[in-house]
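Contents: one structure, followed by commentary.
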Amino acid sequence: MTEVNKKKIAEYQRVSSGGQDLLMQVSANKQYLSRYNKHDILKFIDYDVSATKLTLEKRPSLNRLLQTIREGKISTVVIYERDRLARDVYEYIKIAKNFYQHNIEVVFTASNAPPFSEDIFLETWYGLYAQFEGQKIRTRLYDTQKRYPSKMIGYKKVKQKNEKTFYKAQKEIKTILQNLFQEFSLIESREDLIEVILTYQSKLSRTNERILDILRTPFFAAHYTDSDGHFYPLEHVEAIISLELFKQVQKKRESLEKMIDEVKLSPHKEALILPICGVCMNELTFQKGKIGQEGKYVCKKHKKISIPSEELDAHLKQSVKLYIQTLSPKKLESLCINSINKVKQRLHQQGLLYKKKIEEKCIETCIQNHIKMAQKTLNKNIIEIKLLRDKLIKTDDQLTALEMLKEEVTYITSLLKDNFLNKLNNTDYKDLANLLIDKAILQDDSLMVHYYFNEFQDRGPNK
48 MTEVNKKKIA
58 EYQRVSSGGQ
68 DLLMQVSANK
78 QYLSRYNKHD
88 ILKFIDYDVS
98 ATKLTLEKRP
108 SLNRLLQTIR
118 EGKISTVVIY
128 ERDRLARDVY
138 EYIKIAKNFY
148 QHNIEVVFTA
158 SNAPPFSEDI
168 FLETWYGLYA
178 QFEGQKIRTR
188 LYDTQKRYPS
198 KMIGYKKVKQ
208 KNEKTFYKAQ
218 KEIKTILQNL
228 FQEFSLIESR
238 EDLIEVILTY
248 QSKLSRTNER
258 ILDILRTPFF
268 AAHYTDSDGH
278 FYPLEHVEAI
288 ISLELFKQVQ
298 KKRESLEKMI
308 DEVKLSPHKE
318 ALILPICGVC
328 MNELTFQKGK
338 IGQEGKYVCK
348 KHKKISIPSE
358 ELDAHLKQSV
368 KLYIQTLSPK
378 KLESLCINSI
388 NKVKQRLHQQ
398 GLLYKKKIEE
408 KCIETCIQNH
418 IKMAQKTLNK
428 NIIEIKLLRD
438 KLIKTDDQLT
448 ALEMLKEEVT
458 YITSLLKDNF
468 LNKLNNTDYK
478 DLANLLIDKA
488 ILQDDSLMVH
498 YYFNEFQDRG
508 PNK
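Everything in the sequence shown is counted per this note's numbering, starting at 48 for the first residue and increasing by one.
What follows is the structure in structure tokens.
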């Protein structure tokens, strides 16, 4: 193998946060790498990259490593431990399969790390262990954050004589938080809920989501909870509310859960289709409503052209229902199947042509090779045959896909005959609206909906 084509040794390192360093990984890897020329080693380092928070695709150096492996430039990968590659077993196996596929020698340098196995099942177990370790780390961090948050509204961190941190309540905010919990525990209606959230949004300068988050945080009662919901006291925290009041608020939250979700979603709920102004033909802008109120669509230039999102949704759903009832399942199936058959016929002829060219090129290569064809010409013919073969395989795949599409068309048209409209949910209507509606034009006193697929109708569409 020439120096130019010589494969390299890859060293991969990863640390999860900027506060960590690579010293341990560098030191362990160095002992193995010292036997190689430094010019033969490629370094791949993911710094401040968490394997539990970021998916495989979002780890840049690891992706560069895998790409370099796929390009055939790497012979060996040196890593401290499996958990540097991944903390998710599915991601780890995906990486391991890359190693298997390209015959990569994998070296783990941690003293207690089992050697890389040729047995995928054994590597799966090792990957599971790395995943569980990652979950334990995440749990420890979460528990620490619950007990010792870096910042918490209503509290100031104070260093005591013994150098331990104590969370002292701030007088001006303490009373506001006490009133928030007390008033929430007395809520009886949607109006009460909206009033409490709006009031304390203003008083605490927090979003409605943060107000609701405060109400489910036991830290304010100087307690924390484990995964089973058991409460434990926090001696280093001054309680702003009693544990009893906190528990009352949680019961109230549970009883109001559906109402809370509605209040959270209503200002942000957008309609099925973005409407157009009937005057200037520009798209309307969605304006979020205040908490407890729905949003609406408004034209920037013509303020009178506006409609609440829920009212628009109701009109569009009714229009889609009426339009679908005008479609002819027979026409739909006939036109689609005919179109698919035309494409299949064209692909079939194309496939026959590829087969003919492959046969001709094979015969030509055999004859020429018999009379000592030049190596360059032989290689060129082999490449052409491979390209033609790939095109033939792709054509066969397309023919198979079209046959499946014919079955899907038959199934969809059977649904149209089966009164399926009564079985649709909001997501189904959104999908149908995006598929069927060309545009929705809003005038002062009307909504005009234009549809695609008019050729499939038995009679004119309902607008």
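For glycine and all other residues, C-beta sits at the position ideal for the given N, C-alpha and C.
Shortest alpha-carbon distance to residue i belongs to which of the options?
i	options	result
D108	P355, I92 and Q397	Sequence check: residue 108 is Ser here, not Asp. The shortest C-alpha separation from S108 is found at I92.
L489	S97, D360, L80 and S63	D360
R129	I484, T102 and W172	W172
V125	E138, E104 and D87	D87
R82	K100, I56 and A98	I56
C327	V345, E358 and K335	V345
K221	S232, Q207, E285 and I244	E285
L399	Y147, R436 and D239	R436
L259	R111, R131 and T246	T246
Exposed or buried, residue i, counting other C-beta atoms within 10 Å across all chains shown (16 or more means buried)?
i	result
I362	The question names Ile, but residue 362 in the sequence shown is His. Counting Cβ neighbours within 10 Å, H362 comes out buried, since at least 16 surround it.
L312	Because L312 carries a pLDDT of 47, less than 50, the predicted location of this residue cannot be relied on, and no value is offered for it.
N388	exposed
F228	buried
K477	buried
R106	buried
S302	exposed
T511	With the chain running from 48 to 510 in the structure shown, residue 511 is simply not present.
E170	buried
I410	exposed
V205	exposed
N426	exposed
N329	exposed
R131	buried
T424	exposed
G201	buried
Spatial neighbours of residue i within its chain, please: CB distance less than 6 angstroms, with the 5 preceding and 5 following residues excluded, ordered by chain position.
i	result
K298	none
Y127	Q72, A75, T156 and A157
Nearest-angstrom Cα distance between residue i and residue j?
i	j	result
Y499	L434	39 angstroms
A448	D492	47 angstroms
K351	G325	11 angstroms
E235	V456	51 angstroms
L80	R263	52 angstroms
G373	Y458	The amino acid occupying residue 373 in the given sequence is Thr; Gly does not appear at that position. Distance between the alpha carbons of T373 and Y458 is about 18 angstroms.
N255	K218	23 angstroms
Note down, in chain order, each residue of its chain lying with its Cβ closer than 8 angstroms to the Cβ of residue i, except the 5 sequence neighbours on either side.
i	result
V73	Q60
Q225	I287 and I288
I151	I116, I121, S122, T123, V124 and N145
H315	Residue confidence is low: H315 scores 47 on pLDDT, short of 50, so the model does not pin down where it sits. Its coordinate-derived value is still stated next. Same-chain partners within the cutoff: K335 and G342.
L452	I387
With a threshold of 7 angstroms on Cβ separation, who are the neighbours of residue i within its own chain once the five nearest residues in sequence on each side are excluded?
i	result
Q178	R134, D135 and V136
H283	K211, T212, F213 and Y214
Please check if any C-beta of chain B sits within less than 8 angstroms of the C-beta of residue i.
i	result
D239	Absent from the structure is chain B; it holds one protein chain and no more.
**Prompt:** Taking contact to mean at least 3 C-beta pairs separated by less than 8 angstroms, is the segment 399-409 in contact with the segment 475-483?
**Reply:** no
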